[in-house]
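Below is one structure; the comments refer to it alone.
Protein chains: 2
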Amino acid sequence: MYTGRAYRLLESHGIRVGERVVVRTSTGEHRGILMPRYELADDRHLVIKLKSGYNVGVGIERIVSIARDEEGEGVEEERIGKGRGIDEQSLRVGVGGGVHHGKDRVRLAMISTGGTIASRIDYRTGGVKAALTADELYSIVPELSSIAYMDAEVLMQEYSENLTPMHWSMMAERVGEKVLQGYDGVIVAHGTDTMHYTSSALSFALQNLPVPVVLVGAQRSSDRPSSDAATNLIGAALFAANADAAGVFVAMHNDRSDGRIAVHVGTRVRKNHTSSRDAFRSIDMEPAALVDLNTREIKMDSNLGIMGRDTSRRPLIRSRFDGRVALIKFHPGFDPGIIGYLIGKGYRGLVLEGTGLGHVSKGCFNAIRDAVDSMLVCMTSQCIWGRLRMTVYETGRDLLRIGVIPLDTLPETALTKTMWVLANSTSLDEARSMLLSEMAMEFK
Amino acid sequence: MYTGRAYRLLESHGIRVGERVVVRTSTGEHRGILMPRYELADDRHLVIKLKSGYNVGVGIERIVSIARDEEGEGVEEERIGKGRGIDEQSLRVGVGGGVHHGKDRVRLAMISTGGTIASRIDYRTGGVKAALTADELYSIVPELSSIAYMDAEVLMQEYSENLTPMHWSMMAERVGEKVLQGYDGVIVAHGTDTMHYTSSALSFALQNLPVPVVLVGAQRSSDRPSSDAATNLIGAALFAANADAAGVFVAMHNDRSDGRIAVHVGTRVRKNHTSSRDAFRSIDMEPAALVDLNTREIKMDSNLGIMGRDTSRRPLIRSRFDGRVALIKFHPGFDPGIIGYLIGKGYRGLVLEGTGLGHVSKGCFNAIRDAVDSMLVCMTSQCIWGRLRMTVYETGRDLLRIGVIPLDTLPETALTKTMWVLANSTSLDEARSMLLSEMAMEFK
């Protein structure tokens, strides 16, 4: 996994990843396990896991000698000389956790919520377990310290399929606090399964943001050689620290190489692949930005009208969601009795994922007529791409007449918005008019 | 809408689409309304709508004179001389309906089921209505007659959002009859909204086919200038008549130009855009074939293992579906009570559209435990692209232990297959093992 100069150094000494090594530099000595590197362009550092559990990055040009550490199990703590080299120092900043204030350095908050990006392989079961703390995660991506001071904390440890609207509220509140504390950006490490639901939920809960809030995940766990955890995190941090942008975003690989991270608008992104690195895609729009990991350049799409960064802007934080909303995908043979079930359970919202331009069968009309009396019934399309257009065909016009609300957004975004407007309005009429007002670039 | 030579001819005579014209050829005379052409490469024909309602195509090189018909409203029936030109004749074959047997010509059956491809604008309401019969449809696409003898009939007239498993059974039976009658291919004109559900349903109901069955639709109605009805039909007919392929396919535009029609495997295709011509996409595979409308060349993808045409092959026709199967999309805040509702209603199958590699929240586990006693519970992924992999994370392994069946197919295909296996098996165990056997190229 080491490349270029680092690879040649290790090769020439016959040292392999996972072996105990002792590395001497001009300023001190490190003993520990040689860790794998992630697929980054950087071939100028070795990473050594110390007995303390922390990882240290050692600049290759500073290495005086490297050898297998024959002392075996009894690995000693590292010994660092007095005159630390800049290179080693910079790689260790932030490892101890906590905010590292600096007058002229950017400060980012990182909130870990679980998922693959914060997980590692459980060698006992062979599967993947949520296990890494945010600090550990940070310690294995030493490059982050060259981007900003980082304050990392664990808010929760959940696979994202287990997250509920209650968890969105917790995240919105914690992120809101960080924003009010004056951080220059907030990174939320998140499982990828429902990251796009959360990003759209936070987009409504956290409006008028002064700085970027960037959700980031990984498709492969951070101790797998092909992990995208490190590169996604670096891309997210570069954007959060430097982009002239504010709002809620998702940062993930733009393609299957490691060169570029795409930053998507939080309400317009979807996980479109079960496993590939570039699973997340902006739908019916371009990504807000591309971050080049080699040059560290951020290319914003200036046509999209992304709000700029403005630390004097006061955020609107409204973190409540009404969970009594269902997202229902229509299909041939769909049983309208499910709508009746939701009415009976006191649901207040129903987002239909209809076919084509926004259709369901005539057989559903009566159930929908019953539903509109007591809840918001919204239409979206299971096609995923393309505009909702309910005036073209008889079916759509009939549904509009019945009182179905056309929501020209992703179905997942329609769900989170409906949950949010219901919790932040005093009547169905008010909620309906909020639904039809654009709040977070959610309309196609 | 006329191009090239046809355009220049009309331009030089100052004649516009919609005007009454009289056209004389070396063999006769036509009076009627100059119809718009569809966006085809063919610039060698004018289309005239006769008083009879039929359209006739007139080869430009045969035209002796053309003029605006100043007789106004009283358009006369066409008068054709004795020695009809080949060109005119070929364009009129089939207009009268019924099978036109010819010893050495390919015969296709066309079954119309409704939808945009068989619809036109209702100028009263401004919307689109299902109205055209298959014969009318055929008469406005005279190019079809140069491809094959066509036997066209109307089986039903439904927007596809109104179709149910019962309609799939009707279609399977009618298509099956046509196959047994020895047609060289069958075209099913269908609404696009649920065409991919129907194509997968027919893929299970009609196995071991000797010839191709091609579903075809249109994203814009056939009397709109930008209609894709004619080009899709021509592509479908070229494939059904000439391709060395058997099975169930969907033929629609490959891209936003008019040059190529993509032919997709019936179980691996999805409507991915609400309105664009290239809405239908093969998922995680290439299209089975591309049909070039200009050269009429069919380029099969030989890597896919598509079954070849073999008129001695005996089809397996099993047209029944069990409608007691639901497709449920999981989402944050999903109410497992819906699963309880389905159990109570006597459902026999549940296809979950889970997140990522095939996950739902822990909160659903108990409801799924209850469900597996009385029904098949299958998992698919709402990501759409990528393999289902339920062994990677704890959540997936837990669900497998509970008895969830991993179905590495599109969710829509999982639904139709589950409905089909339940109607064609005698026990849940048998149905389960049928689910896990590939039948129609449905596995990714």
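Sequence order for the protein chains is A and B.
Going by my numbering, 167 is the number at position 167 of the first sequence; the sequence numbering is gapless.
Here my numbering = 1-based position in the second sequence + 1000.
From the three backbone atoms N, C-alpha and C, an ideal C-beta is built for every residue, glycine too.
Range of the contiguous alpha helix (DSSP H) that encloses residue i
{"i": "A:Val216", "result": "Looking at the DSSP string, A:Val216 is not in any alpha helix (DSSP H); the run it does join, the beta strand (DSSP E), is 212 to 216."}
{"i": "A:Lys417", "result": "411 to 423"}
{"i": "B:Phe1239", "result": "1229 to 1242"}
{"i": "A:Phe365", "result": "365 to 371"}
{"i": "A:Glu430", "result": "428 to 435"}
{"i": "A:Leu34", "result": "Taken as a continuous stretch (DSSP letters only), A:Leu34 belongs to no alpha helix (DSSP H), being part of the beta strand (DSSP E) at 28 to 34."}
Residue from the options with nearest C-alpha to residue i
{"i": "A:Gly176", "options": "A:Gln207, A:Leu163, A:Gly308", "result": "A:Gln207"}
{"i": "A:Ile66", "options": "A:Gly59, A:His13, A:Gly333", "result": "A:His13"}
{"i": "A:Leu327", "options": "B:Met1434, B:Pro1212, B:Ile1338", "result": "B:Ile1338"}
{"i": "A:Asp370", "options": "A:Thr391, A:Thr380, A:Arg348, A:Gln382", "result": "A:Arg348"}
{"i": "B:Glu1286", "options": "B:Ser1275, B:Val1211, B:Ser1257, B:Gly1305", "result": "B:Gly1305"}
{"i": "B:Leu1410", "options": "B:Phe1249, B:Met1150, B:Arg1324, B:Cys1383", "result": "B:Cys1383"}
{"i": "B:Asp1408", "options": "B:Arg1387, B:Arg1268, B:Ala1152, B:Lys1299", "result": "B:Arg1387"}
{"i": "B:Thr1198", "options": "B:Gly1115, B:Asp1184, B:Ile1147, B:Asp1278", "result": "B:Gly1115"}
{"i": "A:Glu353", "options": "A:Asn254, A:His331, A:Val141, A:Val372", "result": "A:His331"}
{"i": "B:Arg1320", "options": "B:Gly1018, B:Thr1418, B:Thr1311", "result": "B:Thr1418"}
{"i": "A:Val421", "options": "A:Arg174, A:Asp310, A:Arg324, A:Thr194", "result": "A:Arg324"}
{"i": "B:Thr1025", "options": "B:Leu1046, B:Tyr1007, B:Arg1005, B:Glu1011", "result": "B:Leu1046"}
{"i": "A:Met300", "options": "A:Asn424, A:Ile261, A:Asn366, A:Glu29", "result": "A:Ile261"}
{"i": "A:Asp151", "options": "A:Ile317, A:Arg105, A:Gly356, A:Leu376", "result": "A:Arg105"}
{"i": "A:Asp322", "options": "A:Pro315, A:Ser145, A:Thr426", "result": "A:Thr426"}
{"i": "B:Val1064", "options": "B:Thr1027, B:Ile1048, B:Glu1070", "result": "B:Thr1027"}
{"i": "B:Val1023", "options": "B:Tyr1159, B:Phe1204, B:Gly1057, B:Ala1218", "result": "B:Gly1057"}
{"i": "A:Ile117", "options": "A:Ile368, A:His190, A:Gly346, A:Leu400", "result": "A:His190"}
{"i": "A:Pro165", "options": "A:Thr192, A:Arg62, A:Gln157, A:Ala205", "result": "A:Ala205"}
{"i": "B:Arg1174", "options": "B:Ala1148, B:Thr1192, B:Val1213", "result": "B:Val1213"}
Where the beta strand (DSSP E) through residue i begins and ends
{"i": "A:Asp184", "result": "Counting along the chain, A:Asp184 falls outside any beta strand (DSSP E), and DSSP gives it neither H nor E."}
{"i": "B:Gly1247", "result": "1247 to 1253"}
{"i": "A:His13", "result": "No beta strand (DSSP E) contains A:His13, which is instead part of the alpha helix (DSSP H) from 4 to 13."}
{"i": "A:Tyr341", "result": "It is not in any beta strand (DSSP E) - A:Tyr341 instead sits in the alpha helix (DSSP H) that spans 337 to 344."}
{"i": "A:Ala262", "result": "260 to 265"}
{"i": "A:Ile48", "result": "45 to 49"}
{"i": "A:Val269", "result": "269 to 271"}
Residues bridged to residue i [DSSP beta-bridge criterion]
{"i": "B:Gln1207", "result": "B:Leu1316"}
{"i": "A:Val17", "result": "None; A:Val17 has no bridge partner."}
{"i": "A:Arg406", "result": "Checking the sequence shown, residue 406 of chain A turns out to be Pro, not Arg. Paired residue(s): A:Met379."}
{"i": "A:Ile298", "result": "A:Val291"}
{"i": "A:Glu353", "result": "A:Lys329, A:Thr380"}
{"i": "A:Ser65", "result": "A:Arg24"}
{"i": "B:Met1150", "result": "B:Leu1108"}
{"i": "B:Ser1226", "result": "DSSP output for B:Ser1226 lists no bridge partner at all."}
{"i": "A:Gly57", "result": "A:Val47"}
{"i": "A:Phe334", "result": "Beta-bridge pairing links A:Phe334 to no other residue."}
{"i": "B:Arg1281", "result": "B:Arg1270"}
{"i": "B:His1359", "result": "B:Thr1355"}
{"i": "A:Trp385", "result": "B:His1273"}
Along the stretch 383 to 396 of chain A, what residues have a CB closer than 9 Å to any CB found in chain B? Cys383, Ile384, Trp385, Gly386, Arg387, Leu388, Arg389, Thr391, Val392, Tyr393, Glu394, Thr395, Gly396
Quick one, which residues of the stretch 147 to 165 of chain A are near chain B if we go by CB-CB under 9 Å, in chain order? Tyr159, Ser160, Glu161, Asn162, Leu163, Thr164, Pro165
Along the stretch 1269 to 1296 of chain B, where does the CB come closer than 8 Å to a CB of chain A? Name the residues. Lys1271, Asn1272, His1273, Thr1274, Ser1275, Ser1276, Ala1279
Can you list, in chain order, the residues of the stretch 308 to 326 of chain A whose Cβ is nearer than 9 Å to any Cβ on chain B? Phe321, Gly323, Arg324, Val325, Ala326
Check whether the stretch 225 to 237 of chain A and the stretch 289 to 303 of chain A touch, using three or more Cβ-Cβ pairs below 8 Å as the test. yes
Could you please tell me which residues of the stretch 1197 to 1216 of chain B, in chain order, have their CB closer than 7 Å to any CB of chain A? Tyr1197
Residues of the stretch 1403 to 1423 of chain B in Cβ contact with chain A at a cutoff of 9 Å, in chain order, please. Pro1411, Glu1412, Leu1415, Thr1416, Met1419
Please determine if the stretch 1389 to 1399 of chain B and the stretch 1167 to 1182 of chain B are in contact, where contact requires at least 3 C-beta pairs separated by less than 8 Å. no
Do the stretch 265 to 280 of chain A and the stretch 237 to 254 of chain A make contact, defined as three or more Cβ pairs closer than 8 Å? yes
Using Cβ-Cβ distances below 8 Å, what residues of the stretch 330 to 341 of chain A are close to chain B? Phe330, His331, Pro332, Gly333, Phe334, Asp335, Gly337, Ile338, Tyr341
Going along the stretch 1338 to 1372 of chain B in order, which residues come within less than 7 Å of chain A, judged by CB to CB distance? Going along the stretch 1338 to 1372 of chain B in chain order, one finds Ile1338, Tyr1341, Lys1345, Glu1353, Thr1355, Gly1356, Leu1357, His1359, Val1360, Ser1361, Lys1362 with a Cβ nearer than 7 Å to chain A.
Can at least three beta-carbon pairs, one atom from the stretch 351 to 368 of chain A and one from the stretch 1354 to 1362 of chain B, be found at a separation below 8 Å? No, because fewer than three Cβ pairs between the stretch 351 to 368 of chain A and the stretch 1354 to 1362 of chain B fall closer than 8 Å, the two stretches do not touch.
Give the residues from the stretch 223 to 243 of chain A that approach chain B closer than 7 Å (Cβ to any Cβ), ordered along the chain. none
What are the residues of the stretch 1169 to 1193 of chain B that lie near chain A, defined by any Cβ-Cβ distance shorter than 9 Å? Gly1191, Thr1192, Asp1193
Note down, in chain order, all residues in the stretch 1242 to 1257 of chain B with a beta-carbon under 9 Å from any beta-carbon belonging to chain A. Cβ contacts with chain A come from no residue of the stretch 1242 to 1257 of chain B.
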